[in-house]
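Residue numbers (the working numbering): 1 to 112.
Data first, discussion second: the structure below is written as structure tokens.
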Amino acid sequence: RQSKTIDMLVLDYQQQRAQKDVSKLSRRFTVDMERLQLSTHKLARRLSTTLNDCQPLKSTLKARLKRQIERVHRNTVKTGDTGEADGKDDDDDDASGGSDDESLRSGPTPPP
1 RQSKTIDMLV
11 LDYQQQRAQK
21 DVSKLSRRFT
31 VDMERLQLST
41 HKLARRLSTT
51 LNDCQPLKST
61 LKARLKRQIE
71 RVHRNTVKTG
81 DTGEADGKDD
91 DDDDASGGSD
101 DESLRSGPTP
111 PP
């Protein structure tokens, strides 16, 4: 009889211990999930800020490309569309479509 009682006490202790461990694990998962959600929201805000910061650059680059296309068109019209125009002005060193790091750093080129 006494060994059965001791066995039952051991089982009860093991069950209580397992319940505590599962409870701790549940709390850890909850905390980790909250941290993950917070980090995700912070990242989303940073990406949104970066996107907003890049909008002026995007519109500036589009405007610059439009001006370059207009210059190429004007050169083509000036030469009588004989195929002699190479799309380059003497004052425009990047009309070929290549990227010029210095011109990007200095900002948009003023319109002609």
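Glycine is no exception: its CB is placed at the ideal position from the N, C-alpha and C atoms.
Give the DSSP-derived three-state secondary structure of residue i in the structure shown.
| i | result |
| --- | --- |
| T79 | coil |
| R17 | helix |
Please classify residue i: is it buried, with 16 or more other beta-carbons within 10 angstroms of its beta-carbon, or exposed?
| i | result |
| --- | --- |
| V77 | exposed |
| L36 | exposed |
| Q19 | exposed |
| V72 | buried |
| S99 | Its pLDDT being 46, under 50, S99 is placed unreliably in this model, and the value from its coordinates should be taken loosely. Exposed, since its Cβ has fewer than 16 Cβ neighbours within 10 Å. |
| Q14 | exposed |
Restricting to runs no shorter than 3 residues, where is the beta strand (DSSP E) found entirely within the region 3–57? none
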